[in-house]
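Residue numbers (the UniProt record's numbering): 1 to 278.
Here's what the structure looks like:
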């Protein structure tokens, strides 16, 4: 499995070149980034050289379309999606990802119908470029009532949604925080097939009742209470070989320098990989 990194939770990491350099310096093998920041001022060829010269892969890209609101807003983002997909293919990236919030102000049935229709179109477009689409279920309890109507927040319901979309290149973005806050265990992971997982996020949770764990209250991987050793072992057991990218959402920007946070993350990755026997 590939050691990945996102900018989330690192504070002021600087520009793209600084982020790439830090990730490489501390032994990470991939980064998650948007195509716009990677190619700005350097183009696709320059972005490819930046990654190549640091020995990094582009692990995943956030889906750059607004699929949660109106059809007009959704359609406005499709040209950007096509542009980014073409660039991502040139950069060797095969994963675009988006998240599904667990409640909505829209009527749930109508919202599901629109989401399935729009995400199917995104998947078809991405599939033409050899790219997969990862859908992330979101587990924290406080978000289940944040908006008027409950939606979906379990892995099982997300797999049902993926089946409804009906495109072979759609799967899960599996986040350890959401795995934890929805009460899943290692046995649930071991029922998955590796091809059902598009991408993985790693992070940790504070020692509070799981119902009180906030989406933006996450900790650096390995510094909390989630059984990340079991999480990694189970992913390895089923044969997942993709990226595991740290994503730490916090209420306030961290006070420590970005390099110290990357160093701490790398240490925890070393410890976790060893404890999982990887």
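Ideal placement from N, C-alpha and C gives every residue a C-beta, glycine not left out.
Extent of the continuous beta strand (DSSP E) run through residue i
{"i": "residue 136", "result": "132 to 137"}
{"i": "residue 62", "result": "57 to 62"}
{"i": "residue 3", "result": "2 to 5"}
{"i": "residue 100", "result": "95 to 100"}
{"i": "residue 244", "result": "243 to 246"}
{"i": "residue 32", "result": "30 to 32"}
{"i": "residue 35", "result": "Residue 35 -> not in any beta strand (DSSP E); alpha helix (DSSP H) instead, spanning 35 to 39."}
{"i": "residue 202", "result": "197 to 202"}
Spatially closest choice to residue i from the options, by CA coordinates
{"i": "residue 16", "options": "3, 40, 25, 26", "result": "40"}
{"i": "residue 2", "options": "263, 262, 232", "result": "232"}
{"i": "residue 280", "options": "156, 23, 181", "result": "A question about residue 280 goes unanswered here, because the residues of the chain that appear run from 1 up to 278."}
{"i": "residue 270", "options": "27, 10, 11", "result": "27"}
{"i": "residue 63", "options": "261, 98, 73", "result": "98"}
{"i": "residue 87", "options": "34, 119, 113, 52", "result": "34"}
{"i": "residue 237", "options": "120, 163, 155, 277", "result": "277"}
{"i": "residue 5", "options": "273, 267, 262", "result": "262"}
{"i": "residue 242", "options": "59, 42, 227", "result": "59"}
{"i": "residue 199", "options": "172, 176, 149", "result": "172"}
{"i": "residue 9", "options": "195, 115, 79, 217", "result": "217"}
{"i": "residue 150", "options": "31, 106, 163, 176", "result": "106"}
{"i": "residue 244", "options": "260, 195, 176, 227", "result": "176"}
{"i": "residue 195", "options": "30, 79, 95, 51", "result": "95"}
C-alpha distance - residue i paired with residue j, whole-angstrom precision
{"i": "residue 129", "j": "residue 117", "result": "19 Å"}
{"i": "residue 207", "j": "residue 225", "result": "6 Å"}
{"i": "residue 153", "j": "residue 212", "result": "16 Å"}
{"i": "residue 275", "j": "residue 100", "result": "32 Å"}
{"i": "residue 104", "j": "residue 134", "result": "20 Å"}
{"i": "residue 19", "j": "residue 158", "result": "32 Å"}
{"i": "residue 197", "j": "residue 247", "result": "17 Å"}
{"i": "residue 209", "j": "residue 144", "result": "16 Å"}
{"i": "residue 215", "j": "residue 174", "result": "15 Å"}
{"i": "residue 239", "j": "residue 193", "result": "8 Å"}
{"i": "residue 49", "j": "residue 110", "result": "45 Å"}
{"i": "residue 131", "j": "residue 93", "result": "7 Å"}
{"i": "residue 146", "j": "residue 108", "result": "14 Å"}
{"i": "residue 11", "j": "residue 127", "result": "34 Å"}
{"i": "residue 89", "j": "residue 53", "result": "18 Å"}
{"i": "residue 113", "j": "residue 120", "result": "11 Å"}
{"i": "residue 268", "j": "residue 56", "result": "20 Å"}
{"i": "residue 43", "j": "residue 273", "result": "35 Å"}
{"i": "residue 228", "j": "residue 266", "result": "15 Å"}
{"i": "residue 155", "j": "residue 235", "result": "15 Å"}
{"i": "residue 51", "j": "residue 25", "result": "13 Å"}
{"i": "residue 148", "j": "residue 45", "result": "46 Å"}
Boundaries (first-last residue) of the alpha helix (DSSP H) holding residue i
{"i": "residue 122", "result": "108 to 127"}
{"i": "residue 175", "result": "Where residue 175 is concerned, there is no enclosing alpha helix (DSSP H), although the beta strand (DSSP E) it sits in stretches over 170 to 175."}
{"i": "residue 43", "result": "43 to 53"}
{"i": "residue 238", "result": "228 to 238"}
{"i": "residue 79", "result": "71 to 90"}
{"i": "residue 280", "result": "Absent from the model: residue 280. The displayed extent of the chain is 1 to 278, so no value can be given."}
Nonlocal neighbours in the same chain, by C-beta distance under 6 Å from residue i, ignoring five residues either side
{"i": "residue 230", "result": "186"}
{"i": "residue 37", "result": "16"}
{"i": "residue 102", "result": "138, 143, 144, 151, 153"}
{"i": "residue 32", "result": "6, 59, 60, 245"}
{"i": "residue 170", "result": "123, 133, 162"}
{"i": "residue 29", "result": "2, 3"}
beta-carbon residue i near the ligand ZN non-hydrogen atom, thresh 7 Å
{"i": "residue 20", "result": "In the structure shown, the ligand ZN is absent, as is every other ligand, since no ligand is present at all."}
Contacting residues, own chain, Cβ-Cβ under 8 Å from residue i (five flanking each side not counted)
{"i": "residue 124", "result": "167"}
{"i": "residue 74", "result": "65, 66, 67, 118"}
{"i": "residue 165", "result": "116, 119, 120, 123"}
Neighbourhood of residue i by C-beta distance below 7 Å, restricted to the same chain and skipping five residues each side
{"i": "residue 13", "result": "7, 19, 22, 258"}
{"i": "residue 47", "result": "38, 39, 91"}
{"i": "residue 77", "result": "64, 65, 66"}
Taking contact to mean 3 or more Cβ pairs, one atom from each stretch, closer than 8 Å, check whether the segment 190 to 205 and the segment 215 to 225 are in contact. Between the segment 190 to 205 and the segment 215 to 225 there are three or more C-beta pairs closer than 8 Å, enough to call the two in contact.
Does the pairing of the segment 83 to 91 with the segment 65 to 72 give three or more beta-carbon distances under 8 Å? These segments do not touch.
Given 8 Å as the limit, is there contact between the segment 183 to 195 and the segment 247 to 264, that is, 3 or more CB pairs closer than that? Per the Cβ contact rule, the segment 183 to 195 is not in contact with the segment 247 to 264 (fewer than 3 Cβ pairs under 8 Å).
Pair every Cβ in the segment 173 to 181 with every Cβ in the segment 134 to 144, then say whether three or more of these pairs are closer than 8 Å. Touching, yes, given that three or more Cβ pairs across the two stretches are closer than 8 Å.
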